[in-house]
Structure formats: structure tokens, C-alpha cells
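*Asks:* In our numbering, the protein residues as written are 101 to 526. Ideal placement from N, C-alpha and C gives every residue a C-beta, glycine not left out.
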């Protein structure tokens, strides 16, 4: 449930891949006696530029280490990583999302970083999101939260008021979206639909349930049906586009969202996407809001999620140096000043304090929002079970069946739980 583009292929399939794709040579002593560390990560051109600068800074401080970056776009990242792992050619330092963490850790791919990387300035609850059975396999790069994004001008132009997000309900959200669409004659939709599992996770938490309960789904059919009912009601009241358009938008990034075309007033995204949303909208001012709640919600359900993690290969020939590089990325203010919020707002409190005043305006707004709601946040979810990487695709398939009327919600909820449990039970 990370903040980057969706993971589409199950981790078990990646790790079972037998194709050998060797991008760079195996780790070892480089020319001049330098130790070579291979570092794999994905991202945009901006991330690559910032990461290369951070690597140069690390190498200047550690002249005995040469970091070889293995960079790619998100598409195909895990397939290439799986091939390297399967062939015994894993990079020394590996970037990974929470959905695939257990799969890699329990196969013996990842090293336990406990006491090897300084984590004293990282919130214990956030740090726990990278731990399995007491072993710290992953260190969070930064944090964000799934939230509602609103265009205040679009709402005002529709002669509506921004909601009081500390108290608003799902019915309030649906009604506001419908009124915005109606007042603009359909030119601006009240909201864009979201189908991310993080949305359902928050929705379930408000009802006292969790997405996962060990190696099984922790949500009741009733909760899943109620979540689908929100989507169906938005479509019925025209608070959002019709089913086909909503599903199409749900599979696209912010650069093709209703905000980007000037046809939307609200939507749901990870908080660290606020800058990209503002850019896609042509520079419009955007607000982050709390998620709506059900009338008798036990909590707001929102949580801090590590945007991604740094991990180290259990078979690295240079484990101490790999840990030193990770320590630099998460703990050194100089690295923080270069990377800023590219991998989420810095998870290290000391680094965040050091770079706070240099963060872009949108990140300042995100940070202020997180400060405002921090006392309301629930604990980050535990590392999900094996197979969780495929959960978004499975959930989307059943959601599509319900919204298009191909499956009754009762039957769909039961069947989803059955299929999901079979996937993650192993």
C-alpha cells in the first residue's frame, strides 16, 4: 500500500522467476581496493538525480566505499530484483515496499539490521512496520498517510463550504460531492473515486476491524459491502463520474486525475503526493483533510505508513558497509537535505527538524497536517502476510464486478474473503 505506483505482480511470482537478468557485476572489491556496494531502487528522474547526489556525498565521507546504483522505473523493478535474488546476485542494499517485505524476509533474502543501523530517532511505531518476529529487516525511508485532498477554490466556486473534517461522516462526503457536481452542471465532479486498499483499511478500522488478522482477512463481509456502498452511492448521486470512468481514473496517476483536467474538487491520495497533485493541477492550492468517518466510528482509522524501506541482502559480502550506507541515508542530515521528502517526510525526527525549513511549500503543508492529526493516528499496520502484493489486484477485480453489476455485493464479499484467505494462508 505504498505511495508509488501499484505493485501488479505477486512477489511469489517474482521470487520464483528463473530468468537471469544481471544488470551489473556481483559485489566485491573494486579498482583501487574500493568496496563496491550495489544499491537498487526505483523512481522518477528527480529521485534518481537526488539519490546520485546523496551517493556522492556518502562516498566523499566514506572513500573506501563505491556505491553502484541500480536504478529503474517502477515497472519491472520487482521482476528484475526477483531474478537477481533467484540467481544469487542480490544487490547489497535493496529498496522495497511493505507489501513484499515478508515474502523476501521469510525466504532468507534480507539481513536483520537490529543494532546495525541507528534507529534511535525513528518513531518506534513506524519502525515496527519494518520488523518481523523481533527482527528489524527494514528501515523506513519516510512516512505519509492516506488522506483526502480538496481543492478549496473548486468547492467555493460550486457555492459550497470546506467540510469540518474533524467531524464529517461518509454521508456528508457523499452529499457534498453530489452538490458540487450538481451546482457546476457536471463540469466539476465532487470527487474522484479511490480503490486503494489503504482506503478500505481505514474504513475497516473505523468499524473496529483490521484488514489482516494474522494470515487471514480480518474484515467482515458487512464492512466490505459497506465500503462498496460508498462507491456505489457516489456514482448513483453523480458525486463522482460513472463506473467506467471512475475505474479508468482509479488506475491512473495524479497527472491524469480529475484535478489535472480541472474537473474534480476532491480525491484520495497519499499525503506525499500533494506536490505532484498541485503540479498536475497547474499550481492550484490544495488542502489535506481527514478522512470522513462513520457516525459511530471507534477511531478515525488514519495511520502513518512508511513510504518505502531500505533493506540489506543477507548474502552481502559487505554487511557492515551496507548497514553504514543505510545509516547514512536515514540518519545523516546532509542526506536528508538532499533527499528531502522524495521518499516520504523523513522518518528520522532529528533529520526532519534539520530540513524542516527547507522543505517545499506543499511539504510544509503536509507536515503541518500530520502534526495536527498525529494524536488521532492509529498504529501503523504490521507487516502484511505473504501474498499481500497481489491483494490490490484481487480487491480491484471484485470491486469492478460489484460496481459494474456483474456480481451481487453479498456474494462478492464472501468470495473475495475466501480467495484472499487462500492466497495468504501459506
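1. Which of the three DSSP states is assigned to residue 427 in this structure?
2. List the whole-angstrom C-beta distance separating residue 229 from residue 198, where the pair is believed to meet the contact cut-off of C-beta under 8 Å.
3. Taking the CB atoms as reference points, tell me whether residue 51 and residue 316 lie closer together than 7 Å.
4. Ignore the nearest five residues each way along the sequence and tell me which others in residue 254's own chain have a CB closer than 6 Å to its CB.
5. Suppose you measure from the CA of residue 131 to the CA of residue 457; what does that come to, to the nearest Å?
6. Which runs of the beta strand (DSSP E), 3 residues or longer, sit entirely within the region 160-243?
7. Does the beta-carbon of residue 446 have 16 or more other beta-carbons within 10 angstroms, so that it is buried, or is it exposed?
8. Does the beta-carbon of residue 118 have 16 or more other beta-carbons within 10 angstroms, so that it is buried, or is it exposed?
9. Along the beta strand (DSSP E) that carries residue 389, what are the first and last residues, could you check?
10. So, residue 387 versus residue 244, is the Cβ gap smaller than 7 Å?
11. Mind checking which residues open and close the beta strand (DSSP E) that includes residue 267?
12. Specify, as a first and last residue, the run of the beta strand (DSSP E) that residue 375 falls within.
13. Give me the Cα-Cα distance between residue 563 and residue 421, rounded to the nearest whole angstrom.
14. With a threshold of 16 other CB atoms inside 10 Å of the CB of residue 460, please say whether the residue is buried or exposed.
15. According to DSSP, what are the bridge partners of residue 369?
16. Assuming residue 531 is part of the beta strand (DSSP E), what are its boundary residues?
17. Counting pairs of Cβ atoms below 8 Å between the region 211-231 and the region 501-514, do you hit three or more?
18. Closest by CA to residue 283, which one among 309, 259, 481, 397?
19. Where does residue 121 sit, in a helix, a strand or coil, going by DSSP?
20. Look at the alpha carbon of residue 543 and the alpha carbon of residue 192, and state the distance between them as a whole number of angstroms.
21. Per DSSP, what kind of secondary structure is residue 357 in: helix, strand or coil?
22. Quick one: Cα of residue 206 to Cα of residue 256, how far?
23. Kindly give me the distance between the Cβ atoms of residue 402 and residue 391, rounded to whole angstroms, as I take these residues to be in contact under 8 Å.
24. Could you compute how far the alpha carbon of residue 150 sits from the alpha carbon of residue 444?
25. Between which two residues does the beta strand (DSSP E) holding residue 482 run?
26. Counting beta carbon pairs with one atom in the region 421-439 and one in the region 162-182, are three or more of them shorter than 8 Å?
27. Could you work out which residue in 381, 367, 380 is closest to residue 249 when comparing CA atoms only?
28. Please check the pair residue 270 and residue 195, which I expect to be a contact at CB under 8 Å, by giving their CB distance rounded to whole angstroms.
29. Measuring only the C-alpha atoms, how far is residue 309 from residue 170?
30. Do residue 354 and residue 380 come within 7 Å of each other at the CB atom, strictly closer than that value?
31. Bridge partners of residue 403, per DSSP?
32. If the criterion is Cβ atoms closer than 7 Å, does the pair residue 304 and residue 319 meet it?
33. Can the beta-carbon of residue 441 be found closer than 7 Å to that of residue 471?
34. Going residue by residue through the region 299-348, where are the continuous alpha helix (DSSP H) segments of at least 4 residues, counting only ones entirely within it?
35. If you follow the alpha helix (DSSP H) that residue 437 is part of, which residue opens it and which one closes it?
36. I need the DSSP call for residue 66, collapsed to helix, strand or coil.
*Replies:* So, from the data block:
1. helix
2. 6 Å
3. The structure shown does not extend to residue 51, since the chain is modelled only from 101 to 526, so the question has no answer here.
4. 288, 365
5. Legend: pLDDT at residue 131 = 41, less than 50; position of this residue unreliable, value from coordinates given subsequently. Cα-Cα distance, rounded: 40 Å.
6. 165-172, 193-196
7. buried
8. Per-residue confidence for residue 118 stands at a pLDDT of 35, beneath the threshold of 50, marking its modelled position as unreliable; the derived number appears in the next sentence. Residue 118 is exposed by the Cβ-count criterion.
9. 387-389
10. no
11. Note, residue 267: premise wrong, no beta strand (DSSP E); not H, not E.
12. Where residue 375 is concerned, there is no enclosing beta strand (DSSP E), although the alpha helix (DSSP H) it sits in stretches over 374-380.
13. The question about residue 563 has no answer here: the residues shown for the chain are numbered 101 through 526.
14. exposed
15. 247
16. Nothing in the structure corresponds to residue 531, since the chain is present only between 101 and 526.
17. no
18. 259
19. Note that residue 121 scores a pLDDT of 37, beneath 50, so its modelled location is shaky; the value from the coordinates is reported in the next line. Three-state result, residue 121: coil.
20. An answer regarding residue 543 cannot be provided, because it is not within the stretch 101 to 526 covered by the chain.
21. coil
22. 51 Å
23. 6 Å
24. 14 Å
25. From DSSP, residue 482 is part of no beta strand (DSSP E); its letter is neither H nor E.
26. yes
27. 367
28. Contact doesn't hold; Cβ gap of about 35 Å is too wide.
29. 40 Å
30. yes
31. 478
32. yes
33. no
34. 321-336
35. 433-439
36. Only positions 101 to 526 of the chain appear in this structure, which leaves residue 66 out of reach.
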